[in-house]
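One structure below.
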Amino acid sequence: MKMMKQIAGVLGSALIYISSAGFTSSSFSLTKLQNYYKEFKSTPIEVASSSSIKTYEDYRGITAVGSAQYQYIHNHMTVDQTTGLLYDEDGFIGVALGYNFGDIGTRYYFELDTGITIPVVKVDAKAAVDASDGWTANSNGSVLEFVIDSDIATSYFGGTNGLASSGNFNNYEYLKGNIVGIELVSDEKADDGSVVYETSQTASVKSDEDSDHIQVVQGGYSD
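Here you go:
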């Protein structure tokens, strides 16, 4: 709780993080994940499980000051005051992952069968005793475990059992779905990260109505 107060004191309600891609805290919105634009280059990796279960832990339970987890959360993550989720300077959402997902700070795109893309960053490591295969939790088979402020998240997501989203974020519309793809994200931008050019045509017949549409993208969260 002390850490939360320190973060809140530094951030305040009006502070916004700005990356070179134009991402700001006001851009962060889970409703935009259905149209998420992959801002960074990425490489597909093995999908060891398609589990739809998405559990969570409270980041305030990570108290070892010298740990990579604690340092990464304090130095790179912002607590979203609406949802209680944590996100980094590019809008990647903080999660705990098994040891096969590499070091703290490694980022991924998780593709769901509902067409949703979840950009995540590993901010905590699932203990090998709890995820012995390095991918999934022994207890429930989950791959993704969101790292959150549970007080804010419970208020936002609700739940019938006193837990945020009833203990499974798959119950929330914009995080719902089975995993069908995972991509390891690089630090290299896919393009300039600010504009996507799309061309729309009706069938194969060209007309004066054919046009190019320019869509401005902020941190991957497109409107």
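Just so you know, the sequence shown maps onto residues -21 to -1, 1 to 202 in mature numbering (1 follows the signal peptide of the UniProt record, and there is no 0).
From the three backbone atoms N, C-alpha and C, an ideal C-beta is built for every residue, glycine too.
Assigned secondary structure, alanine 87 (DSSP; H/G/I helix, E/B strand, else coil): In the sequence under discussion, the amino acid at residue 87 is tyrosine, which differs from the alanine named in the question. Here tyrosine 87 sits in strand by DSSP.
DSSP-derived helix/strand/coil call for threonine 42: coil
Spatially closest choice to valine 102 from Tyr153, Lys155, Met56, by CA coordinates: Met56
C-alpha distance - tyrosine 151 paired with isoleucine 158, whole-angstrom precision: 15 Å
Own chain, CB closer than 6 Å to tyrosine 153, minus 5 neighbours either side, in chain order: Leu9, Thr10, Leu12
Per-residue DSSP class, three states only, for isoleucine 131: Three-state result, isoleucine 131: helix.
Simplified DSSP state of alanine 47, which is helix, strand or coil: helix
Residues that serine 118 bridges to, as DSSP identifies them: Serine 118 is not bridged to any residue.
Cβ contact (3+ pairs, closer than 8 Å) linking the stretch 31 to 39 and the stretch 121 to 137: yes
Cβ-based neighbour list, leucine 64, same chain, cut-off 6 Å, excluding 5 preceding and 5 following: Ile72, Ile127
Reference isoleucine 52; option with closest CA among Val100, Tyr16, Ser5: Val100
Cβ-based neighbour list, aspartate 37, same chain, cut-off 6 Å, excluding 5 preceding and 5 following: Ser129
Selected residue, minimal CA-CA separation from glycine 156, among Phe136, Thr139, Asp166, Ser121: Ser121
Secondary structure of leucine 142, DSSP reduced to three states: coil
Span separating the alpha-carbon of lysine 20 from that of valine 164: Computed Cα separation, rounded: 6 Å.
As assigned by DSSP and simplified to three states, the class of serine 4: helix
Residue of Asp67, Gly94, Tyr15, Val108 minimising C-alpha distance to tyrosine 78: Val108
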